[in-house]
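Only one structure is covered here, and it is reproduced in the block below.
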Amino acid sequence: MARPAPDTSNTPSGPFQPFRHRHLLGIAQLNPVEIVDLLDRAEAMIPVSRQRKTLPNLAGKTQINLFFENSTRTQASFEIAGKRLGATVMNMAVRTSSVAKGETLIDTAATLNAMQPDAIVVRHGSSGAVELLSQKVECAVLNAGDGAHEHPTQALLDALTIRRHLGRLNGLTVAICGDIANSRVARSNLILLGAMQARTRVIAPQNLLPAGVDQMASEVFTDMREGLKGVDVVMMLRLQNERASGKLVPSTREFYRFYGLDAEKLAYARPGALVMHPGPMNRGVEIDPAIADGAQSVITEQVEMGVAVRMAVLDALLNREGNA
Amino acid sequence: MNKPLLIENARIIDPASDRDVTGVLLVENGRIADVAEGQAPGAPADADRIDARGLIVCPGLIDMRVFTGEPGHEYRETLESAGHAAAAGGVTSILTMPDTAPAIDDGALVDYVLRRAGATACVRVLPSAAITKGLEGKDLTEFGLLKEAGAVAFTEGRKSLQNTAVMRAAMTYATNFDAPIIHQPLDAALAGEGVMNAGPLATFRGLKGIPTQAETIPLDRDLQLALMTGARYHAAQVSTARSAELLTHYKKHSPRISAGISVNHLCLNENDIGPYRTFFKLSPPLRHEDDRLAMVEALKAGTIDVICSGHDPQDTEVKRQPFADAAEGAIGLETLLAGALRLYHSGDVDLKTLLRAMTIRPAQILGLKTGTLAKGAPADVCLFDPDYPWIVEEATIRSKSSNTTFEKARMMGKVMTTIVGGRIVHREDTAQ
Numbered sequence: 002m003a004r005p006a007p008d009t010s011n012t013p014s015g016p017f018q019p020f021r022h023r024h025l026l027g028i029a030q031l032n033p034v035e036i037v038d039l040l041d042r043a044e045a046m047i048p049v050s051r052q053r054k055t056l057p058n059l060a061g062k063t064q065i066n067l068f069f070e071n072s073t074r075t076q077a078s079f080e081i082a083g084k085r086l087g088a089t090v091m092n093m094a095v096r097t098s099s100v101a102k103g104e105t106l107i108d109t110a111a112t113l114n115a116m117q118p119d120a121i122v123v124r125h126g127s128s129g130a131v132e133l134l135s136q137k138v139e140c141a142v143l144n145a146g147d148g149a150h151e152h153p154t155q156a157l158l159d160a161l162t163i164r165r166h167l168g169r170l171n172g173l174t175v176a177i178c179g180d181i182a183n184s185r186v187a188r189s190n191l192i193l194l195g196a197m198q199a200r201t202r203v204i205a206p207q208n209l210l211p212a213g214v215d216q217m218a219s220e221v222f223t224d225m226r227e228g229l230k231g232v233d234v235v236m237m238l239r240l241q242n243e244r245a246s247g248k249l250v251p252s253t254r255e256f257y258r259f260y261g262l263d264a265e266k267l268a269y270a271r272p273g274a275l276v277m278h279p280g281p282m283n284r285g286v287e288i289d290p291a292i293a294d295g296a297q298s299v300i301t302e303q304v305e306m307g308v309a310v311r312m313a314v315l316d317a318l319l320n321r322e323g324n325a
Numbered sequence: 124m125n126k127p128l129l130i131e132n133a134r135i136i137d138p139a140s141d142r143d144v145t146g147v148l149l150v151e152n153g154r155i156a157d158v159a160e161g162q163a164p165g166a167p168a169d170a171d172r173i174d175a176r177g178l179i180v181c182p183g184l185i186d187m188r189v190f191t192g193e194p195g196h197e198y199r200e201t202l203e204s205a206g207h208a209a210a211a212g213g214v215t216s217i218l219t220m221p222d223t224a225p226a227i228d229d230g231a232l233v234d235y236v237l238r239r240a241g242a243t244a245c246v247r248v249l250p251s252a253a254i255t256k257g258l259e260g261k262d263l264t265e266f267g268l269l270k271e272a273g274a275v276a277f278t279e280g281r282k283s284l285q286n287t288a289v290m291r292a293a294m295t296y297a298t299n300f301d302a303p304i305i306h307q308p309l310d311a312a313l314a315g316e317g318v319m320n321a322g323p324l325a326t327f328r329g330l331k332g333i334p335t336q337a338e339t340i341p342l343d344r345d346l347q348l349a350l351m352t353g354a355r356y357h358a359a360q361v362s363t364a365r366s367a368e369l370l371t372h373y374k375k376h377s378p379r380i381s382a383g384i385s386v387n388h389l390c391l392n393e394n395d396i397g398p399y400r401t402f403f404k405l406s407p408p409l410r411h412e413d414d415r416l417a418m419v420e421a422l423k424a425g426t427i428d429v430i431c432s433g434h435d436p437q438d439t440e441v442k443r444q445p446f447a448d449a450a451e452g453a454i455g456l457e458t459l460l461a462g463a464l465r466l467y468h469s470g471d472v473d474l475k476t477l478l479r480a481m482t483i484r485p486a487q488i489l490g491l492k493t494g495t496l497a498k499g500a501p502a503d504v505c506l507f508d509p510d511y512p513w514i515v516e517e518a519t520i521r522s523k524s525s526n527t528t529f530e531k532a533r534m535m536g537k538v539m540t541t542i543v544g545g546r547i548v549h550r551e552d553t554a555q
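Here the protein sequences come in this chain order: A and B. Under this note's numbering, the first residue of the first sequence carries the number 2, and numbering increases by one thereafter. Under this note's numbering, the first residue of the second sequence carries the number 124, and numbering increases by one thereafter.
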């Protein structure tokens, strides 16, 4: 059974400092104080979320989820987050919309902007696309993942999950394993954890390590056992099947043998180390099902924290004058 | 013909004759009639006069890499609008690339470009023709017939020949007509889906990188083939330190090898891309600062022969896109000289070296009579103020597209008058 989350008695309740930014485009725009502030805000949202209550914070506001890439999980998480805060949430089915007819991203932005939304949550397959869109609209824009660039709410929910279990981020050693080259989750996490004074390790076959990654991570490993030695947290990444068919990695079974997280490899980590995964998981490719569902796994809790974090971010962006 | 034209009190720099004097230049019947230090003794009394005090007079610039949209994409650039942009930049001859729709791979199309240019363009248009039919990289075009029609060089334009055997055949066949092969070396498979220079910056931005080896491996191949075949080979744009090393090595063995660089790669580096600014998405990509510095050294050493603009008009539809999806290329005719002068003002490169790379070297490589102020040469002349301060503004760009890497940039040095064949085609209005 997955490890239960401890009850946090000292739940922060604000007041929080007004959010300085119009958009949340990436972790790179945040300083450590702002990161902690967002985590505290998210912490305060957990009871609301747990008790299935709603708050009136975003009553009368309109949130558009604009997903150019399929993502059931993230889109649902943002939708629930908006609705728990009283917002009207609209999902744009991009694949069947005018984008398929050759309309550019800028045209789409202008069209949506004319509908006067208060927030647009965007996922797009190209790095920088969300930032480009944010320049063309007057409302708040939340990056729900752009190419291999950033996925800021994922890094925040990962940080919140870690902080709730281990009480802090600074001084921890966190290993991020797998397809680093193509992962926005890895980048956002490396930036956040670096800003919070955690030690970061990336572990992957050289083919999945992008050039100059040593400037983003504290340490780089190509050997899983060596890299996992003594770590407090193991973050696994999804390996796209199409990347494991001979182009970069010969096969999924070879990848699993050397880079899949199983009990034997996990034993190199600190006893009781947290096991995380942003989902959706490829069981048997990057992670052993027994580990994914095992005692050290906090994977389902990550999903739960996702809603709280997204509530916090929406609230911070749409109530920038500050709230109690 | 026009009245004679006397340019007085000018600092005349003519890299072809290694001349740098203050004096006069007399233009008569479309040709340079006289160049002399000091005052003109026997100038015709009825000559028009230009007092060029404070200005530099040099041969009109020759830009070896210019894309237009004619035929096929006239909304991006026509030969006429490219001509105006060139004239404003002191460029009197442009080598147009064959990547049009249709591609320039047939004598009739070369003829079309020349006739359109004759009717509409105010500068000299020198068409290049495709190396392979349809720029498909497979079958050679009719080099002989194309040359007879007026093509001055053969190139695949933006494209790079991936097949070594085709490149060998092209170089070998070109020697029959003494035609230069101009080529942009890029290993398409190695570049893959890359969109900017590979390295920490690309990784941080989540963009796929193009390693420098995607240029140096095919450049090495081309240079070996150039020695093997004896062809006149010009690497269109190089961008990496290793490319300079390769050129240094191979140039020892053949005087028929030359290389160019765009002014962008001399003035800018990958950091200029900043937050996904697509106007800085170029091919080859802007490289690391170490590479840029190596390129400046290679220019000074003569390893790099030519500075071009790489003028490539792209409309907002294809440029205002996420970085990975946006088109490559930037315009540059109007900022070619001002951009190059940055290296002069920074103290890195002297004026004569810069001007040589935009006048006599391109003329030699292409076999032209222009690019010099020698007596009897065609009167293609550029007058510029090397210190004139100005800011590049989208509103004043003459090109039909505004994808410049120098948007809002502060420039020092402006072209004041451009003369093609004795006729003034551009005069800067500096009233304000």
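The beta carbon of each residue, even a glycine, is placed where N, CA and C say it ideally should be. Please read these numbers as outputs of a predicted model, since none were measured by experiment.
Item checked: Under 8 Å between C-beta atoms of Gly545 of chain B and Asn152 of chain B -> For Gly545 of chain B and Asn152 of chain B, yes; Cβs fall inside 8 Å.
Check: Beta-carbon of Arg23 of chain A versus every beta-carbon of chain B: anything under 8 Å?
Finding: Contact of Arg23 of chain A with chain B is not assigned, every C-beta pair being separated by 8 Å or more.
Next item on the list: Jot down the residue ranges of each uninterrupted beta strand (DSSP E) in the stretch 247-283 of chain A, minimum 3 residues, whole runs only, in chain order.
Entry: Note on the stretch 247-283 of chain A: whole beta strand (DSSP E) runs with a minimum of 3 residues are 275-277, in chain order.
Next item on the list: With DSSP as the reference, please indicate the residues paired to Phe17 of chain A in a beta bridge.
Entry: Beta-bridge pairing links Phe17 of chain A to no other residue.
Check: Is there a Cβ from chain A that is less than 8 Å from the Cβ of Phe327 of chain B?
Finding: Yes - at least one Cβ of chain A is within 8 Å of the one on Phe327 of chain B.
Notebook entry, point to check: Who are the neighbours of Ala321 of chain B on chain A, taking C-beta pairs under 7 Å?
Noted result: The contacting residues are Ala212.
Notebook entry, point to check: What is the DSSP secondary structure of Gly161 of chain B, counted as helix, strand or coil?
Noted result: Correct three-state label for Gly161 of chain B: coil.
Notebook entry, point to check: What's the call for Met312 of chain A, buried or exposed, on a 16-neighbour Cβ count within 10 Å?
Noted result: Counting the other Cβ atoms within 10 Å of the Cβ of Met312 of chain A gives 16 or more, which makes it buried.
Next item on the list: Could you work out which residues of chain B lie near Ala77 of chain A, taking near to mean beta carbons separated by less than 9 Å?
Entry: Taking a Cβ-Cβ threshold of 9 Å, none of the residues of chain B is close to Ala77 of chain A; the smallest such distance is about 24 Å.
Check: Using the rule of at least 16 other Cβ atoms within 10 Å of the residue's Cβ for burial, across every protein chain shown, is Tyr260 of chain A buried or exposed?
Finding: Buried, by the Cβ-count rule.
Margin query: Below 8 Å on the Cβ atoms is my contact criterion, and I expect Arg199 of chain B with Gln437 of chain B to pass it. Report the Cβ-Cβ distance as a whole number of Å.
Written below: Yes, they are in contact, since the Cβ atoms of Arg199 of chain B and Gln437 of chain B sit about 7 Å apart, within 8 Å.
Notebook entry, point to check: For the stretch 169-188 of chain A, which residues have a beta carbon sitting closer than 7 Å to at least one beta carbon of chain B?
Noted result: Residues Arg185, Arg188.
Note to self: For the alpha helix (DSSP H) containing Ile488 of chain B, name the first residue and the last one.
What the structure shows: 483-489 is the extent of the alpha helix (DSSP H) around Ile488 of chain B.
Note to self: For a quick check, are the C-beta atoms of Leu240 of chain A and Val286 of chain A less than 8 Å apart?
What the structure shows: Yes, the pair counts as a contact, with Cβ atoms nearer than the cut-off.
Margin query: Helix, strand or coil for Ala130 of chain A? Go by DSSP, reduced to three states.
Written below: In the displayed model, Ala130 of chain A falls within a helix according to three-state DSSP.
Check: Any idea what DSSP makes of Ile514 of chain B, helix, strand or coil?
Finding: Ile514 of chain B carries a strand assignment under DSSP once its states are collapsed to helix, strand and coil.
Item checked: Continuous alpha helix (DSSP H) assignments of at least 4 residues falling wholly in the stretch 193-226 of chain A -> For the stretch 193-226 of chain A, not a single whole alpha helix (DSSP H) run of length 4 or above is found.
Next item on the list: Mind checking who Thr541 of chain B pairs with in its DSSP beta bridge?
Entry: Checking the DSSP bridge columns, you'll see Thr541 of chain B partnered with B:Cys505, B:His549.
Notebook entry, point to check: So what does DSSP say about Pro153 of chain A, is it helix, strand or coil?
Noted result: Reduced to three states, the DSSP call for Pro153 of chain A is helix.
Next item on the list: Tell me, to the nearest whole angstrom, how far the beta carbon of Ala293 of chain A is from that of Met282 of chain A; I am working on the premise that it is less than 8 Å.
Entry: Cβ-Cβ separation between Ala293 of chain A and Met282 of chain A: approximately 6 Å, consistent with a contact (criterion under 8 Å).
Checklist line | Host beta strand (DSSP E) of Leu269 of chain B (start-end) | finding: Counting along the chain, no beta strand (DSSP E) covers Leu269 of chain B; the unbroken alpha helix (DSSP H) around it starts and ends at 266-272.
Check: How do the stretch 531-542 of chain B and the stretch 458-473 of chain B stand: do at least 3 beta-carbon pairs fall below 8 Å, yes or no?
Finding: Because the criterion of three Cβ pairs below 8 Å is met, the stretch 531-542 of chain B and the stretch 458-473 of chain B touch.
Margin query: Any beta carbon from chain B within less than 8 Å of His125 of chain A's own beta carbon?
Written below: Among the CB atoms of chain B, one or more fall inside 8 Å of the CB of His125 of chain A.
Next item on the list: Compute the distance between the beta-carbons of Val189 of chain B and Thr219 of chain B, then report whether it is under 8 Å.
Entry: Cβ distance < 8 Å, so Val189 of chain B and Thr219 of chain B count as in contact.
Margin query: For Ala156 of chain A and Arg202 of chain A, what's the separation of their Cα atoms in angstroms?
Written below: In this structure, the straight-line span from the alpha carbon of Ala156 of chain A to that of Arg202 of chain A is close to 15 Å.
Notebook entry, point to check: Name the chain A residues that come within less than 9 Å of Ala447 of chain B, Cβ to Cβ?
Noted result: Chain-ordered, the chain A residues with CB closer than 9 Å to the CB of Ala447 of chain B read Gly126, Ser127, Ser128, Gly129, Ala130, Gly148.
Next item on the list: On a CA-only basis, which of A:Gln117, A:Val175, A:Asp263 is nearest Gly231 of chain A? Give me that one, please.
Entry: Comparing Cα-Cα distances from Gly231 of chain A to each of A:Gln117, A:Val175, A:Asp263, the minimum goes to A:Val175.
Notebook entry, point to check: Any idea what DSSP makes of Ser216 of chain B, helix, strand or coil?
Noted result: Taken through DSSP and simplified to helix, strand or coil, Ser216 of chain B comes out as strand.
Next item on the list: Say whether chain B places a C-beta atom closer than 8 Å to the C-beta of Thr105 of chain A.
Entry: Closer than 8 Å to some Cβ of chain B, the Cβ of Thr105 of chain A qualifies, so yes.
Check: According to the neighbour-count rule (16 or more other Cβ atoms, all chains shown, within 10 Å of its Cβ), is Ala205 of chain A buried or exposed?
Finding: Residue burial annotation: Ala205 of chain A is buried, with at least 16 other C-beta atoms found within 10 angstroms of its C-beta.
Check: For chain B, is any of its Cβ atoms less than 8 Å away from the one on Glu139 of chain A?
Finding: Taking CB atoms only, Glu139 of chain A has no neighbour in chain B less than 8 Å away.
Checklist line | C-alpha gap between Arg53 of chain A and Arg169 of chain A, whole angstroms | finding: Using only the alpha carbons, I get a separation of about 27 Å.
Notebook entry, point to check: Going by DSSP, which residues form a beta bridge with Ile384 of chain B?
Noted result: Answer by DSSP bridge pairing, in chain order: B:Ile430.
Note to self: Using a 10 Å radius around the Cβ and a threshold of 16 neighbouring Cβ atoms, would you call Glu279 of chain B buried or exposed?
What the structure shows: Burial of Glu279 of chain B is indicated by the presence of at least 16 other C-beta atoms within 10 angstroms of its C-beta.
Checklist line | For Tyr373 of chain B, the three-state DSSP class (helix, strand or coil) | finding: In the three-state reduction of the DSSP assignment, Tyr373 of chain B falls in the helix class.
Item checked: Phe300 of chain B, DSSP secondary structure in three states -> The answer is coil: DSSP assigns Phe300 of chain B none of H, G, I, E or B.
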